[in-house]
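From first to last, the protein sequence lines stand for chains C and V.
Under the UniProt record's numbering, think of the first position of the first sequence as 1, with each following residue one higher.
Under the UniProt record's numbering, think of the first position of the second sequence as 1, with each following residue one higher.
Protein chains: 2
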Amino acid sequence: MARTPDADLPSLWTHEPHDLLEFRAGTAVADIETASTPGFTGKKKDSGDLQDERNEVFADLQEMLYAGSRAGDTRKILLVLQGMDTAGKGGIVKHVVGAGNPQGIRYSSFGKPTEEELAHDYLWRIRKALPPAGHIGVFDRSHYEDVLAVRVHDLVPPEVWGRRYDEINAFERELVDDGTTIVKCAMFVSLDEQKKRLAKRLRRPDKFWKFNPADIDERELWPKYQEAYQAVLDRTSTEYAPWHVIPCDRKWYSRLAITELLIEALDGLDLAWPPPDFDVKAEKRRLKTA
Amino acid sequence: MARTPDADLPSLWTHEPHDLLEFRAGTAVADIETASTPGFTGKKKDSGDLQDERNEVFADLQEMLYAGSRAGDTRKILLVLQGMDTAGKGGIVKHVVGAGNPQGIRYSSFGKPTEEELAHDYLWRIRKALPPAGHIGVFDRSHYEDVLAVRVHDLVPPEVWGRRYDEINAFERELVDDGTTIVKCAMFVSLDEQKKRLAKRLRRPDKFWKFNPADIDERELWPKYQEAYQAVLDRTSTEYAPWHVIPCDRKWYSRLAITELLIEALDGLDLAWPPPDFDVKAEKRRLKTA
């Protein structure tokens, strides 16, 4: 029997996470309740089993997406993860994306650009990392750094970063026209929760490697980052590539939510196992004597 | 507390899988017992829980490898999977490699070369896919196709593929000198077991996409492939990059075995969480008021 993944929303959700979390014009970043769990009626204790269950649905749908590409379907998914340090981007990669088959995942992180990258347009390194047909691309940070960190740290003049919002919209429009479903997640933690998470990195020898003293300096710039995130949401949440605002103080919630956003995106493609491009009966006969 | 992965071999193994499976000069490919389970005293029913458990050990060690690279350790792992169709390469990627964090995995498959790839030396596309520091590269098929399928199908003259064994040894020597641990797995199924697996692909609509009529034609060439695999094992199993012969008629065994080979490779690096490159106390103080 062919497996048919059950993409139906689990009963612990009141609404599609897409509806609950999509950025709405007028929402102020400063007002985001980072400890909230919109639309989820369960508790943390319910999240473990549910996460396992939904990871499997995600993995099954991912396999169908990949299978389709072998039969000529050129569609792909791009998951964009943006957020302040400790928001939990790495946890999404490990616990959500990690449920998928590495064969169909293209993970890329975008740190400080190299000299070669700086010698090119800011979208150069981004384009190189785009997922091919049938794949799920994962951007751990993204082109949005070029209107976030770059803006906050004055790395280019305002007229340069100021043009980028429209450029990014045009770029994403092109990707969507090419068959990419873009799932953009802006991950928000509170300053307090961030402090706890940084403190943990300073307490545990197995977490030191995740700590960077500059992370503390960035905290001073929180208001400027909030302003920059506000501009990103206001100017680049489009009908074809909307932002989702993910409250991230509770890691279990943000993981469940982003898993559902991916499942919705995959389910929205109406995937099906591709029909054979060969004569099944004839091949069965051939195999018998081969 | 820092997690310290327990890399010790589970008691169901009589010897290190590395010792059990490493290719020994004189071994004939035709004599490989593809349904055997060397060194494993358990049964299939024991394999599920053990696989889950060892997947976690693998994932923890992988994180340490990755963490080390952030502190300047340039070592990396390269897993090379070679085998006839249906040997289970895809299953290793999904069920073994898939346990790792996508952040530190570089998966590449090498199918029929593109026109651009053919316009370059055969190692060109291989070099581009090599894992960077701290990563585990996974080659689903590899440069060995250039002395396997290429040899069997006479795609280049014998004097061309004939030179490649030494070239490949020199190439791998270079990678090892650069800090790569190469784990090469030659995966063997029997002709009968392959027939069953191909039949399954022809029976299940969710497996059609994995079937290619050419796979049946390749069965006619089995003796030529055995000869080509023999030459690969005889000529490219080196002290610095030995081949492992994996019996693959029992998928659960091949998965457990390759998991252990990866754990051994990681454990052999004597990984440790990197020490902080900052003053922990001073940072704790700074964080308090930030």
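Glycine included, each C-beta is placed from N, C-alpha and C at the ideal position.
Interface partners of residue i on chain V, CB under 8 Å
i: W273(C); result: P205, D206, F208, W209
i: K195(C); result: L287, A290
i: A170(C); result: Here the premise fails: no neighbours, minimum Cβ distance about 28 Å.
i: A199(C); result: K284, L287
Top-ranked residue by Cα proximity to residue i, from the options
i: H244(V); options: P205(V), Q194(V), V29(V); result: V29(V)
i: K196(C); options: Y253(C), D249(C), I182(C); result: D249(C)
i: E167(C); options: L123(C), I136(C), H153(C), E116(C); result: L123(C)
i: D46(V); options: R106(V), G179(V), L12(V), L65(V); result: L12(V)
i: D277(V); options: A71(V), D31(V), R24(V); result: A71(V)
i: G90(V); options: D49(V), P17(V), G162(V), K210(V); result: K210(V)
i: W273(V); options: P275(C), P274(C), R204(C); result: R204(C)
i: A25(C); options: D267(C), A231(C), M64(C); result: A231(C)
i: H153(C); options: A214(C), K128(C), T37(C); result: A214(C)
i: S10(V); options: L269(V), Q51(V), R163(V), E159(V); result: In the sequence under discussion, the amino acid at residue 10(V) is Pro, which differs from the Ser named in the question. Per the Cα distances, Q51(V).
i: P131(V); options: I246(V), E159(V), I105(V), K281(V); result: I105(V)
i: Y144(V); options: P17(V), L233(V), L175(V), L261(V); result: L233(V)
i: W39(V); options: H15(V), T27(V), Q62(V), V57(V); result: The question names Trp, yet the displayed sequence has Gly at residue 39(V). If we check each option's Cα against that of G39(V), H15(V) comes out closest.
i: A228(V); options: L20(V), E63(V), D73(V), M84(V); result: M84(V)
i: A265(C); options: E117(C), V160(C), R173(C), P242(C); result: P242(C)
i: P17(V); options: L261(V), T86(V), D121(V); result: L261(V)
i: N212(C); options: E117(V), L20(V), A149(V), V280(V); result: V280(V)
i: A149(V); options: E117(V), L221(V), T41(V), P275(V); result: L221(V)
i: G268(C); options: F58(C), T41(C), T27(C); result: F58(C)
i: R127(C); options: D178(C), E56(C), I92(C); result: D178(C)
i: L65(C); options: F23(V), I136(V), D206(V), K224(V); result: D206(V)
i: K251(C); options: L21(C), D270(C), L155(C), G48(C); result: G48(C)
Supposed contact pair residue j and residue i - C-beta distance, whole angstroms, cut 8 Å
i: R235(V); j: L191(V); result: In fact, because the Cβ distance is near 24 Å, the residues do not count as touching under 8 Å.
i: I263(C); j: A7(C); result: 6 Å
i: D60(C); j: P102(C); result: Incorrect: roughly 16 Å between the Cβ atoms, too far for contact.
i: S69(C); j: A133(C); result: 4 Å
i: V176(V); j: W161(V); result: 23 Å between Cβ atoms; not a contact.
i: R286(V); j: I216(C); result: 5 Å
i: T34(C); j: V189(C); result: 5 Å
Buried or exposed (CB count within 10 angstroms, at least 16 for buried), residue i
i: G98(V); result: buried
i: residue 293(C); result: Outside the displayed range of chain C (1 to 290) lies residue 293(C), so it cannot be described from this structure.
i: R164(V); result: buried
i: R151(V); result: buried
i: L198(C); result: buried
i: A119(C); result: exposed
i: G88(V); result: buried
i: Y284(V); result: One detail in the question is off: residue 284(V) reads as Lys in this sequence, not Tyr. Burial call: exposed.
i: G100(V); result: buried
i: K44(V); result: exposed
i: K94(C); result: buried
i: D73(C); result: buried
i: R201(V); result: buried
i: R54(V); result: buried
i: E193(C); result: buried
i: T259(C); result: buried
i: T86(V); result: buried
i: E159(V); result: exposed
i: E115(V); result: exposed
i: P247(C); result: buried
i: E63(C); result: buried
i: T41(C); result: exposed
i: M1(V); result: Unreliable positioning characterises M1(V) in this predicted model, as indicated by a pLDDT of 44, which lies under 50. The coordinate reading is nonetheless provided below. Label assigned to M1(V): exposed.
i: P275(C); result: exposed
Closer than 7 Å at the beta carbon, the chain C residues around residue i
i: A67(V); result: W209
Under 8 Å from the C-beta of residue i: neighbouring residues of chain C
i: E283(V); result: L202, F211, P213, I216
i: P102(V); result: V93, K94, V97, G98, G100, P102, I105, Y107, V138
Residue i: contacting residues in chain C (beta-carbon distance under 9 Å)
i: R219(V); result: L287, A290
i: Y225(V); result: Ordered by position in chain C, no residue passes the 9 Å Cβ test against Y225(V), which lies about 14 Å from the chain.
i: P113(V); result: The premise fails here: P113(V) is roughly 16 Å from chain C at the closest Cβ pair, so nothing lies under 9 Å.
i: G90(V); result: N101, Q103
Chain V contact residues for residue i, given Cβ-Cβ distances below 9 Å
i: Q62(C); result: The contacting residues do not exist; Q62(C) stays about 10 Å from chain V at best.
i: V29(C); result: By Cβ distance, chain V contributes nothing, its closest Cβ being about 20 Å from V29(C), past 9 Å.
i: P276(C); result: L202, P205, F208, W209, F211
Contact set between residue i and chain V, taken where Cβ atoms lie within less than 7 Å
i: A71(C); result: W209
i: V280(C); result: L202
Three-pair Cβ contact test at 8 Å for the segment 254-262 of chain C versus the segment 180-194 of chain V: no
Please confirm if the segment 72-82 of chain C is in contact with the segment 65-77 of chain V, defined as three or more CB-CB distances below 8 Å between the two stretches. Counting Cβ pairs under 8 Å, fewer than three are found: no touch.
Would the segment 139-153 of chain C and the segment 105-120 of chain C be scored as touching if the rule is three or more Cβ pairs under 8 Å? yes
Would you be able to state if there are at least three C-beta pairs under 8 Å between the segment 223-238 of chain V and the segment 153-170 of chain V? yes
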